[in-house]
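Chemist: Protein chains in written order, with my numbering: chain B, 77 to 392; chain Z, 66 to 928; chain L, -6 to 224. C-beta atoms are modelled at their ideal positions from N, C-alpha and C, and glycine is treated no differently.
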């Protein structure tokens, strides 16, 4: 039967690109920190420069995300009131505690790297301490959306997984990209040993990235499945978001941000040892950029898409 | 437990007006509620009740009356520190019993509208016309009234006082001071009321069947069937809040059928929707009458029966008049033989597009529920070019089933005692006596405009034709005119004629709250007090079988330099005329008006305004008045009337008028001897036959058919090939008679009218037509009739009949204010005014403007 | 005495869709015209001539398990002792999580200064002859041309930019023993207000008599605005 339902609520999304940017930057910052910790553990301080890049990027990115979020607040001067009022049921409240804490920890961590010691047990210990905190903040960025029963697009388990995985890929990508720029400015590809050895050693990172991307694709597929074949409301939410932000999600978020880097990376792997290090560096450069651009637009599509007005179901 | 007192609360409320929260902290103190206590309203949620304490903290409720529509509901206004802050129904009123519709709330935004005129103003651009900026500049009241008095004195000097006209729009019952006494003492016949653009054709139906020239009341409480003919009582006239409040109960007890080409607010809450083709209500009504007779469902008690009890009403067969013995009615068999016998539902379906089985079902249901049944006639089914007979036919159904003047049926009114202007004959000088007998400018009573109000040729006004009278200087040229509470340049169909006519009048004064369309043609604009908050007057009306007299009070002191239109301004004019040597009017005011309590004569305009109201309403509150207490409440003095705000009549008791109708025969006339007499007199006056009168008034019937309710094919302007769609308009539940479009609350809630959109003025079209025309939802379209065109947004909606398009009245203002108009400075309208599409067509027998019945066809094109 | 839970039952059979509730709410609470604390859903179904129309009044459901309260990072959005869902602008950081959390679209955020266009209106329609929003407000000694000072008892009379606002069940009126403005304004008597924890209250009796429905029950919010019968 033909039905025309009108329900006029507030126009436009309540959460705009700044929220997406916070999710993106915060995720990348968390990823960068974990990346530094990982490299430190794995190579025992060998790749000091890249760890240094990662460690410095981490608090900068997380803080930048926070800053954008504060810009978005209606009453930013009231920020401190969050710490005076306890609401443990609100992810945002936890986030407002843990995210600044993480920024503080990451700053100290970055300073320790800056100090330049090859082996620093305090740094190592701090890194281990910050790891669960970073994971919590990473999960928080997903949880923030997941708990909203009002938004069926977000209100699913995969949202959290996607957020956790998202920080891994964007974290690695942002570190690689910035580190390469930094080295380029410094005039060298890598100063931590020979470039081909660096690249060889970084293959574990590449493999992690592959795994993360594959897991992300799997998560998205599962997410899509659960919505596409979920409740009426979930199907409507998916359709509504798809209609408004589908191209952004599929082409930029999935295509550019995940599938293309995967293909390019895989092609390099297939070529094996015959790939010139210069080309391999270019590939890292390009795929990192793709992952970052895709990562941002993926979040933007999800943030905005989740707020598209849904068909109204009347109470009778 | 908190011990905050009410007094503290009040102080805090005052201190915190400028947006600081400081009072209750994090919880709304339950303690506070307990401490303050609840009024009677709260008693059902178990708060310790301490009546009386509530009022102290929240200002004072002052009585007044809402004139947002003609329900004229008694209301109360909450005044806090001299400002009106809210409105509610007056609980002392038995008519609306404390209920109000959305309209009174909107009035607050009218009161404090920044676009209200603050001061008298005069025109500096001598060129008049739509699109011309009048170049208004502020002037003093003395200068403004002086200018008018000078022009009026010029007419007196030339002994051409009849060339003065007063145009009355909405009014209170103080109306006759400015409408009747002023022109007639000055010497003009031209008190021209708006009545004929309102609903006179509706009264025609009741008058020429049961001799009652007025609106009916409806016993909704006890009814078992409601048949609405275009009536939308949940949204508009004439007892909106009462109808709303009782509708749930009506739905429980009765069947509701709504005849309307649009799914109206009431149709949405009905059991049956009969989407009639606009203007074909008459066919539907006679077919229902046919069914009722054929099925033998007429009222034996009211109408009578065949002498042998055998029903001879068989489709297509003539009946012998002698075989039927009528009781309280007249001419049933004549009606059958002349009109009804062939008017089967199948025939009607071809005419009015309502399925025959639905016609049959509704007619039978209605008749079986009778006499507790209501056939509710409205302007929609009567203010049509050939609507006079449709009005009779729809009302005749009440006669047929005996539901008129019956419990649960349609009733007349109780008397509401009130006085009007004292006799002024002795204040009319020779000029006045002579000139006030001139023909009126609206050409009433001419061959083509019988305007048979209460049976008299030229008895009623032909409002909309006054524009043509002015333009054609027929019977003469109007030199000076005053319009009050009227916006004919917007509200009359063929609005462009009024724009030209008003431009033509050499000196035109407009009394208004807002710079409306009509003001744009004025030489002087006088700012009026708002009727609900700033003015002393009273209204009479009825709802829920109670008549009432309700005061409008000066609830707050006006913010601007405004005057009360119907009392203060005439007084000031009288003073100015006296200064210029003509003191008859001022003498009349001073000698014939006095404070009934003190006997004191008025010395200034405000005293005059107040004394006049007291004088006119004495029967309600003054024990020395002969009518005091005779018809209802006995109010103990003026002070109690002011405090209560309303006088209630006794409840109307149906059944006393049956058999004593004020028709020629004293019966309910199916064959209207009353109309026969009126038409014959009019024909005789012009030396023509009744058939020629019918021809001159656009009716197709000839001969005896003229005297019975019958179906007439709708008259429509425009050729169907060029103008494929029938245009019809409807009312808004938020319209304060076309004056609320400048309120943001009106615009922001406009979609409360089914099918409409907020902040817009959409043309509603069935998707089937849109597809055929290649038009899309929400695109801008140009709507053109043979006489005009407007550009509005298209809305596709299933609630309109294919082949017709509908638009609400009330928007399309190109002046009035900065919300009503899209751009006030550039005269750009928000939406489009229907009256620029509708031609100036008439239901001529009553003089009414035919704004309904799909009077014009239109074409709709992408803009 | 058992704890109160204020609630409202809306009788759709009685409701005629007149919008008096919406307008009265705007007036009572000084709500900007771009929002509607008291709002409605409109539904036209079917194909001509078998068409039905429904008007369903909506407002904050004052949910027992209110997502806006659960997700507010500062407890600015909170449940009162009477079961109202209320907002304290002083604690609010303006993150809009409450509004995003609400499954009913009942919370509105002031992205701009409310009534900006009228409070800063300084160019009259006709110079010298008509007024402006700013002038009318100033002469009235109030923030807005049409203004209800009573609202300021428990909330800023006009909410500042940056914070959300929503229906409070007219907590300021309840505090002085009056019914919510929409209830008082309803000419159909379709809004039945009272303590749902009191089995003898009018709304409890209505709930007992009819089969009440709530909006989006699957959200698990336990709304305290319930609907009975059909439009």
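Can you round the beta-carbon distance between residue 81 of chain B and residue 36 of chain L to whole angstroms, since I take them to be within the 8 Å contact cut?
Modeler: In the first chain, the residue the question calls residue 81 of chain B occupies position 5. In the third chain, the residue the question calls residue 36 of chain L occupies position 43. Yes, they are in contact, since the Cβ atoms of residue 81 of chain B and residue 36 of chain L sit about 5 Å apart, within 8 Å.
Chemist: Assign residue 845 of chain Z to one of two classes, buried (16 or more other C-beta atoms within 10 Å of its C-beta) or exposed (fewer than that).
Modeler: As a first step, residue 845 of chain Z must be located in the second chain, where it is residue number 780. Exposed is the call here.
Chemist: Would residue 91 of chain L pass as an interface residue toward chain Z - the criterion being a Cβ-Cβ separation below 8 Å?
Modeler: Here residue 91 of chain L refers to the residue found at position 98 of the third chain. Not closer than 8 Å to any Cβ of chain Z, the Cβ of residue 91 of chain L fails to qualify, so no.
Chemist: With DSSP collapsed to three states, give me the class of residue 197 of chain Z.
Modeler: The count along the second chain starts at 1 and reaches residue 197 of chain Z at position 132. Coil, per DSSP.
Chemist: When the cut-off is 8 Å and only beta carbons count, does residue 94 of chain B lie next to chain L?
Modeler: Stepping through the first chain from its first residue, residue 94 of chain B is reached at position 18. Judged by the 8 Å Cβ criterion, residue 94 of chain B is not in contact with chain L.
Chemist: Give the residues of chain L in contact with residue 213 of chain B, contact being defined as C-beta atoms less than 8 Å apart.
Modeler: Reading the first chain from its first residue, position 137 is the one you call residue 213 of chain B. Ordered by position in chain L, no residue passes the 8 Å Cβ test against residue 213 of chain B, which lies about 15 Å from the chain.
Chemist: What is the DSSP secondary structure of residue 97 of chain Z, reduced to helix, strand or coil?
Modeler: In the second chain, the residue the question calls residue 97 of chain Z occupies position 32. With a pLDDT of only 34 at residue 97 of chain Z, under 50, the local geometry of the prediction cannot be trusted, and the value read off the model is given with reservation. Three-state result, residue 97 of chain Z: helix.
Chemist: So residue 9 of chain L contacts chain Z; which residues on that side make the cut at Cβ distance below 7 Å?
Modeler: The count along the third chain starts at 1 and reaches residue 9 of chain L at position 16. Chain Z residues near residue 9 of chain L: 299, 309, 312, 330, 334.
Chemist: For residue 130 of chain Z, which beta-bridge partners are listed by DSSP?
Modeler: Counting from 1 along the second chain, the entry for residue 130 of chain Z is found at position 65. DSSP, once it has assigned bridges, lists Z:139 as partnering residue 130 of chain Z.
Chemist: Would you tell me roughly how many angstroms separate the C-alpha atoms of residue 124 of chain L and residue 414 of chain Z, rounded to the nearest one?
Modeler: Counted from its first residue, the third chain places residue 124 of chain L at position 131. Counted from its first residue, the second chain places residue 414 of chain Z at position 349. Cα-Cα distance, rounded: 55 Å.
Chemist: Quick check on residue 35 of chain L - is its C-beta less than 8 Å from some C-beta in chain B?
Modeler: To locate residue 35 of chain L, count along the third chain from 1; it is residue 42. Chain B, which has a Cβ nearer than 8 Å to the Cβ of residue 35 of chain L, makes this yes.
Chemist: State the beta-bridge partners of residue 47 of chain L as determined by DSSP.
Modeler: One-based indexing of the third chain puts residue 47 of chain L at position 54. Looking at the DSSP assignment, residue 47 of chain L forms a beta bridge with L:36.
Chemist: Please report the Cβ distance between residue 307 of chain Z and residue 479 of chain Z, rounded to the nearest whole angstrom; I am assuming they are in contact, meaning their Cβ atoms lie under 8 Å.
Modeler: As a position in the second chain, residue 307 of chain Z is number 242, starting the count at 1. As a position in the second chain, residue 479 of chain Z is number 414, starting the count at 1. Not confirmed; about 15 Å, so no contact.
Chemist: Are residue 954 of chain Z and residue 540 of chain Z touching if we call contact CB-CB under 8 Å?
Modeler: Only positions 66 to 928 of chain Z appear in this structure, which leaves residue 954 of chain Z out of reach.
Chemist: Helix, strand or coil for residue 369 of chain Z, going by three-state DSSP, please let me know.
Modeler: Residue mapping note: residue 369 of chain Z aligns to position 304 of the second chain, counting from 1. Note: residue 369 of chain Z maps to strand in three-state DSSP.
Chemist: Just to confirm my understanding: we take residue 88 of chain B, look at its own chain, exclude 5 residues before and 5 after, and list those with CB closer than 7 Å. What are they?
Modeler: Locating residue 88 of chain B in the first chain gives position 12, where the first residue counts as 1. Excluding sequence neighbours, residue 88 of chain B sits near nothing in its chain.
Chemist: Do the region 846 to 862 of chain Z and the region 821 to 833 of chain Z touch if we need at least three Cβ pairs shorter than 8 Å?
Modeler: Segments in contact, yes.
Chemist: Nearest to residue 489 of chain Z by alpha carbon, out of Z:724, Z:657, Z:335?
Modeler: As a first step, residue 489 of chain Z is located in the second chain; it is residue number 424 there, counting from the start. Taking only the C-alpha atoms, the option nearest residue 489 of chain Z is Z:657.
Chemist: Would you tell me roughly how many angstroms separate the C-alpha atoms of residue 492 of chain Z and residue 252 of chain Z, rounded to the nearest one?
Modeler: Numbered from its first residue, the second chain carries residue 492 of chain Z at position 427. Numbered from its first residue, the second chain carries residue 252 of chain Z at position 187. The straight-line gap from Cα to Cα measures roughly 10 Å.
Chemist: Are the Cβ atoms of residue 129 of chain L and residue 179 of chain Z separated by less than 8 Å?
Modeler: Counting from one through the third chain, the residue named residue 129 of chain L turns up at place 136. Counting from one through the second chain, the residue named residue 179 of chain Z turns up at place 114. In contact: residue 129 of chain L and residue 179 of chain Z (Cβ atoms closer than 8 Å).
Chemist: Around the C-beta of residue 281 of chain Z, are 16 or more other C-beta atoms found within 10 angstroms, so that it is buried, or is it exposed?
Modeler: As a first step, residue 281 of chain Z must be located in the second chain, where it is residue number 216. So residue 281 of chain Z counts as buried.
Chemist: Taking only three categories from DSSP, how would you classify residue 239 of chain Z?
Modeler: Position 174 of the second chain, counted from the first residue, corresponds to residue 239 of chain Z. Three-state DSSP puts residue 239 of chain Z in coil, outside helix and strand.
Chemist: Out of curiosity, what's the CA-to-CA distance linking residue 378 of chain Z and residue 618 of chain Z?
Modeler: For the purposes of this step, residue 378 of chain Z is identified with residue 313 of the second chain, where counting begins at 1. For the purposes of this step, residue 618 of chain Z is identified with residue 553 of the second chain, where counting begins at 1. If you take the alpha carbons of residue 378 of chain Z and residue 618 of chain Z, they lie about 57 Å apart.
Chemist: Quick one: what's got a C-beta closer than 7 Å to residue 138 of chain L's C-beta in the same chain, skipping five residues either side?
Modeler: Looking up residue 138 of chain L in the third chain gives position 145. Here the set comprises 111, 126, 129, 130.
Chemist: Just to confirm, is the Cβ distance from residue 796 of chain Z to residue 222 of chain Z under 8 Å?
Modeler: For this step, residue 796 of chain Z is matched to residue 731 along the second chain. For this step, residue 222 of chain Z is matched to residue 157 along the second chain. No, the Cβ-Cβ distance between residue 796 of chain Z and residue 222 of chain Z is not below 8 Å.
Chemist: According to a CB-to-CB cut-off of less than 7 Å, which residues of the region 138 to 160 of chain Z neighbour chain L?
Modeler: Correct list: 145, 148, 150, 151, 153.
Chemist: With 8 Å as the limit, tell me which residues of the region 167 to 191 of chain L have their beta carbon closer than that to any beta carbon of chain Z; keep them in chain order.
Modeler: From the region 167 to 191 of chain L, only 167, 168, 169, 170, 171, 172, 174, 177, 178, 180, 181, 182, 183, 186, 187, 188, 191 have a Cβ closer than 8 Å to chain Z.
Chemist: Should residue 190 of chain Z be labelled buried (16 or more other beta-carbon atoms within 10 Å of its own) or exposed?
Modeler: Here the question's residue 190 of chain Z lines up with position 125 in the second chain. Answer is exposed; the Cβ neighbour count stays below 16.
Chemist: Between which residues of its own chain and residue 228 of chain L is the CB-CB distance below 7 Å, once the five residues before and five after are set aside?
Modeler: In the structure as shown, chain L starts at -6 and stops at 224, and residue 228 of chain L therefore has no counterpart that could be examined.
Chemist: Just checking, does the region 816 to 823 of chain Z make contact with the region 882 to 893 of chain Z on the three C-beta pairs under 8 Å criterion?
Modeler: Verdict: no, contact absent.
Chemist: For residue 187 of chain B, I'd like the list of residues in its chain whose CB is within less than 6 Å of its CB, leaving aside the five on either flank, ordered along the chain.
Modeler: Counted from its first residue, the first chain places residue 187 of chain B at position 111. Once the five neighbours on either side are set aside, residue 187 of chain B has no close Cβ partner at all.
Chemist: What residues in the region 75 to 100 of chain L have a beta carbon less than 9 Å from any beta carbon of chain B?
Modeler: Within the region 75 to 100 of chain L, the residues whose Cβ lies closer than 9 Å to some Cβ of chain B are 82, 83, 84, 85, 86, 87, 88, 89, 90, 92, 93, 94, 95, 96, 97, 98, 99, 100, listed in chain order.
Chemist: Closer than 8 Å, CB to CB, is residue 64 of chain L near chain B or not?
Modeler: Your numbering for residue 64 of chain L matches position 71 in the third chain. It does: the Cβ of residue 64 of chain L has a partner Cβ on chain B nearer than 8 Å.
Chemist: At a CB distance below 9 Å, what residues from the region 175 to 194 of chain Z approach chain L? Give them in sequence order.
Modeler: So the close ones are 176, 177, 178, 179, 180, 181, 182, 183, 184, 185, 186.
Chemist: If contact is defined by three or more beta carbon pairs under 8 Å, each pair taking one atom from either stretch, is the region 254 to 267 of chain Z in contact with the region 754 to 764 of chain Z?
Modeler: No, the region 754 to 764 of chain Z is not in contact with the region 254 to 267 of chain Z.
Chemist: Rounded to whole angstroms, what's the CA-CA distance from residue 217 of chain L to residue 203 of chain L? Just pull it up for me.
Modeler: Indexing the third chain from 1 puts residue 217 of chain L at position 224. Indexing the third chain from 1 puts residue 203 of chain L at position 210. Going by the C-alpha atoms only, they are around 15 Å apart.
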